[in-house]
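Undergrad: Residue 141 in my numbering sits at position 57 of the sequence shown, and the numbers go up by one each step. Built from N, CA and C at the ideal position, the CB exists for glycine as well. All values reported here derive from a predicted model rather than from experimental measurement. Here's a structure for you.
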Amino acid sequence: MGLGTMAAAFVGGPWLNRGMAQAPGTPTAPAPTGPYTLPPLPYPYEALEPNIDTWTMQIHHDKHHKAYVDNANKLLVDHPELSKMSPEELLKNLDKAPEAIRTGLRNNVGGHVNHSLFWLMMSPKGGGKPTGKIAAAIDKKFGSFEQFQTKFNEAATKRFGSGWAWLVAKDGEIEIVSTPNQDPPLLEGQRALLGLDVWEHAYYLKYQNRRADYITAWWNVIDWDFVNEQLAKA
Ligand code: MN
Numbered sequence: 085m086g087l088g089t090m091a092a093a094f095v096g097g098p099w100l101n102r103g104m105a106q107a108p109g110t111p112t113a114p115a116p117t118g119p120y121t122l123p124p125l126p127y128p129y130e131a132l133e134p135n136i137d138t139w140t141m142q143i144h145h146d147k148h149h150k151a152y153v154d155n156a157n158k159l160l161v162d163h164p165e166l167s168k169m170s171p172e173e174l175l176k177n178l179d180k181a182p183e184a185i186r187t188g189l190r191n192n193v194g195g196h197v198n199h200s201l202f203w204l205m206m207s208p209k210g211g212g213k214p215t216g217k218i219a220a221a222i223d224k225k226f227g228s229f230e231q232f233q234t235k236f237n238e239a240a241t242k243r244f245g246s247g248w249a250w251l252v253a254k255d256g257e258i259e260i261v262s263t264p265n266q267d268p269p270l271l272e273g274q275r276a277l278l279g280l281d282v283w284e285h286a287y288y289l290k291y292q293n294r295r296a297d298y299i300t301a302w303w304n305v306i307d308w309d310f311v312n313e314q315l316a317k318a
């Protein structure tokens, strides 16, 4: 790409649109061309301000999550038998997919499943201390909410490169894990109760290299009611 082209691409890119008026809470969902569709955000793009900024939410949902959905649909075009499965089932049965598309499915269906949960794990009414059964489970396992936070922050900070930190449940036990790329905990038979996306695309526009600040802010938007719902299903 020549310099002139690069400049044109930059000027035409999303960077200059930051100040433009955007209709809140109306992500566009094009007609599905495969088994999966992009779920709408359950709140307006700006709902998690100032912890997670509007622009990040827009790009993260409308571009990144959409790309996982679109890519997964493309990979499944000639595979009606795989398309019949739910995304979770498909991830548990990746060995049934042709080897040539297995990694693509793992990454993109994983990305779709992870992000679909991630939006629901946050709420403009979130934050604060956990409530209900998850509060008791956290105290029992980690001693206190604060000790749990320290361990979770460590997992999220130490994940090298792109990935996720999770609180998961398996066999009646909760634990903190982290996964690379878009690998969902269900690949290990674990149910995701709470997850934090630490890909740079999740925080870079507002926090740049300050991943720790993003993690600190994220605690203010956790929807503990949703975490309790996930625990009840575990
Ligand atoms: Mn992401």
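In whole angstroms, what separates the C-alpha of Leu122 from that of Lys147?
TA: Rounded to whole angstroms, Leu122 to Lys147 spans 10 Å at the Cα level.
Undergrad: Please list the terminal residues of the continuous beta strand (DSSP E) segment that includes Pro164.
TA: Segment Pro164 to Ser167 is the alpha helix (DSSP H) holding Pro164; no beta strand (DSSP E) there.
Undergrad: What does the alpha-carbon distance come out to for the pair Lys323 and Leu278?
TA: Only positions 85 to 318 of the chain appear in this structure, which leaves residue 323 out of reach.
Undergrad: Closer than 7 Å: is that where the CB of His145 sits relative to any heavy atom of the ligand MN?
TA: Incorrect: His145 has no Cβ contact closer than 7 Å to the ligand MN.
Undergrad: What I want to know is whether the C-beta of His285 ends up closer than 7 Å to one or more non-hydrogen atoms of the ligand MN.
TA: Checking the Cβ of His285 against the ligand MN gives yes.
Undergrad: Count the other C-beta atoms from every protein chain shown that fall within 10 angstroms of the C-beta of Val161, then say buried if there are 16 or more, exposed otherwise.
TA: Answer is exposed; the Cβ neighbour count stays below 16.
Undergrad: Since Ala316 and Leu201 should fall inside the 8 Å C-beta cutoff, what is the C-beta to C-beta distance between them, to a whole number of angstroms?
TA: The Cβ separation is near 15 Å, so there is no contact.
Undergrad: In three-state DSSP terms, what is Met141?
TA: The answer is helix: DSSP assigns Met141 an H, G or I state.
Undergrad: Three or more C-beta pairs under 8 Å: does that hold for the region 126-141 against the region 280-292?
TA: Touching, yes.
Undergrad: Since Asn304 contacts Gly211 with CB under 8 Å, what's their CB separation in whole angstroms?
TA: So it is a contact: roughly 4 Å between Cβ atoms.
Undergrad: Examine the ligand MN and report whether any of its heavy atoms sits within less than 7 Å of the Cβ of His148.
TA: Yes.
Undergrad: Suppose you measure from the CA of Ala240 to the CA of Asp179; what does that come to, to the nearest Å?
TA: Their backbone Cα atoms lie some 29 Å apart in a straight line.
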